[in-house]
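For reference, the structure discussed in these notes is given below.
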Amino acid sequence: MILLHYIDDALLVAEKPAGLLSVPGRSAENQDCVVARLQAVYADALTVHRLDQVTSGLLLHARGKDMQVALSMQFEKRQVGKRYEAIVQGLLEDDAGEVNLPLIVDWPNRPKQMVDHERGKPALTRWRVLSRDTEAQRTRVELEPVTGRSHQLRLHMASLGHPIVGDVLYGAEAAQRVCLHARKLQFTHPVTGEALAFESATPF
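Numbering (the numbering used here), first residue to last: 239 to 442.
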């Protein structure tokens with residue numbers, strides 16, 4: 239069963255565990271996912287945005303097509319506040335910064351993404367150091383994806399020479415999990431207009 243942070247007639251805010259898909263994959267063995275588990279209980283639950291399979295944290299779902307359109311529009315217009323927490327390899331020198339590198343799928347190696355200054359779509363990530371572990375040579379950071387490209391946070395941190403712990407796809411050493419968690423989500427209720435904010439405890 240999926241843990242719910244919030245539910246009403248318009249939407250659901252769910253907690254996605256690491257390792258579970260947000261939506262069904264192409265193959266028969268990849269049909270288990272967050273939205274399928276939700277639809278088993280709430281038949282009208284529809285996907286609004288996704289998290290990578292390796293990422294845990296807050297995931298918003300609409301109840302019905304009209305709510306899906308309304309909530310998706312907030313994402314398109316960048317009216318949704320998102321904050322992630324991650325642990326990266328190495329010690330970041332600066333306390334904050336941003337990465338502005340255009341991304342495109344690396345077709346021969348998909349789902350991997352790559353930086354491409356000619357064909358890539360604009361992608362901007364802001365980051366801020368939360369703490370440094372000098373003994374483990376790791377840095378805990380808060381990440382804000384201003385844009386929402388696939389694998390954006392993972393590739394942008396790797397581009398700094400500090401891949402997210404456990405993210406072997408982008409050059410990190412193997413670990414128990416990829417240390418990336420969708421911690422905060424803020425948006426406007428599509429019916430009442432109320433400002434909603436949710437926070438999920440980081441599990442690493």
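Every residue, glycine too, gets a C-beta built ideally from N, C-alpha and C.
D246 at chain B interface by Cβ criterion, 8 Å: No chain B is present in this structure, which holds just one protein chain.
Range of the contiguous beta strand (DSSP E) that encloses A324: Looking up residue 324 in the sequence shown gives position 86. Here the beta strand (DSSP E) through A324 covers G319 to Q327.
One or two residues paired with P383 in a DSSP bridge: In the sequence shown, residue 383 corresponds to position 145, counting from 1. In the DSSP assignment, the residues bridged to P383 are T363.
Could you tell me the alpha carbon to alpha carbon distance between K303 and Y280, rounded to whole angstroms? In the sequence shown, counting from the first residue as 1, residue 303 sits at position 65. In the sequence shown, counting from the first residue as 1, residue 280 sits at position 42. Cα to Cα, K303 sits roughly 14 Å from Y280.
Could you give the residue range of the alpha helix (DSSP H) that holds M239? Within the sequence shown, the letter at position 1 stands for residue 239. Run containing M239: none; DSSP gives neither H nor E here.
Looking at the strands, I want to know which residues DSSP matches up with Y244. What you label residue 244 is simply residue 6 of the sequence shown in a count that begins at 1. V251, per the DSSP bridge assignment.
Using 8 Å for Cβ pairs, my map puts V251 next to L298. What's the rounded Cβ distance? In the sequence shown, counting from the first residue as 1, residue 251 sits at position 13. In the sequence shown, counting from the first residue as 1, residue 298 sits at position 60. Confirmed, about 6 Å.
With DSSP collapsed to three states, give me the class of H371. Numbered from its first residue, the sequence shown carries residue 371 at position 133. The sequence shown places Asp at residue 371, rather than the His named in the question. Reduced to three states, the DSSP call for D371 is strand.
Between A433, Q424, M305 and H419, which has its C-alpha nearest P497's C-alpha? Residue coverage of the chain in this structure runs from 239 to 442, which leaves residue 497 outside it and unanswerable.
Measure how close the beta-carbons of L341 and Q291 come, nearest whole angstrom, since I'm counting them as under 8 Å. Position 103 of the sequence shown holds residue 341. Position 53 of the sequence shown holds residue 291. Not confirmed; about 18 Å, so no contact.
Suppose you measure from the CA of F436 to the CA of P349; what does that come to, to the nearest Å? Residue numbering aside, residue 436 sits at position 198 when the sequence shown is read from its first letter. Residue numbering aside, residue 349 sits at position 111 when the sequence shown is read from its first letter. Cα to Cα, the separation comes out at about 29 Å.
In three-state DSSP terms, what is R275? Here residue 275 refers to the residue found at position 37 of the sequence shown. Three-state result, R275: helix.
Shortest alpha-carbon distance to H400 belongs to which of R378, V384 and T385? Residue numbering aside, residue 400 sits at position 162 when the sequence shown is read from its first letter. Of the candidates R378, V384 and T385, the residue whose Cα lies closest to the Cα of H400 is R378.
Taking 8 Å as the cut-off, does the region 309-323 touch the region 383-390 (at least 3 CB pairs, one atom from each stretch)? yes
Express the C-alpha separation of P346 and T197 in angstroms, rounding to a whole number. Any answer about residue 197 is impossible in this case: the structure gives the chain only from 239 up to 442.
Name the residue from L339, L249, D270 and Q269 whose alpha carbon lies nearest to the alpha carbon of V286. Counting from one through the sequence shown, the residue named residue 286 turns up at place 48. Here the closest residue by C-alpha is L249.
Hey, R392 and G404 are a contact pair by Cβ (cut 8 Å); roughly how many whole angstroms apart? The sequence position of residue 392 within the sequence shown is 154, counting from 1. The sequence position of residue 404 within the sequence shown is 166, counting from 1. Contact doesn't hold; Cβ gap of about 10 Å is too wide.
Taking its Cβ as the centre, do 16 or more other Cβ atoms sit within 10 Å of M239, making it buried, or is it exposed? Sequence index remark: in the sequence shown, residue 239 carries index 1 (1-based). Counting Cβ neighbours within 10 Å, M239 comes out exposed, since fewer than 16 surround it.
Taking only the alpha-carbon atoms, compute the straight-line gap between C271 and E253 and give it to the nearest angstrom. As a first step, residue 271 is located in the sequence shown; it is residue number 33 there, counting from the start. As a first step, residue 253 is located in the sequence shown; it is residue number 15 there, counting from the start. Straight-line Cα distance between these residues: approximately 12 Å.
Report yes if the CB atom of E336 is closer than 8 Å to the CB atom of L362, and no otherwise. Residue mapping note: residue 336 aligns to position 98 of the sequence shown, counting from 1. Residue mapping note: residue 362 aligns to position 124 of the sequence shown, counting from 1. Cβ atoms of E336 and L362: closer than 8 Å.
Closest by C-alpha distance to L276, when choosing among L329, Y244 and S265: As a first step, residue 276 is located in the sequence shown; it is residue number 38 there, counting from the start. The option with the nearest alpha carbon to L276 is Y244.
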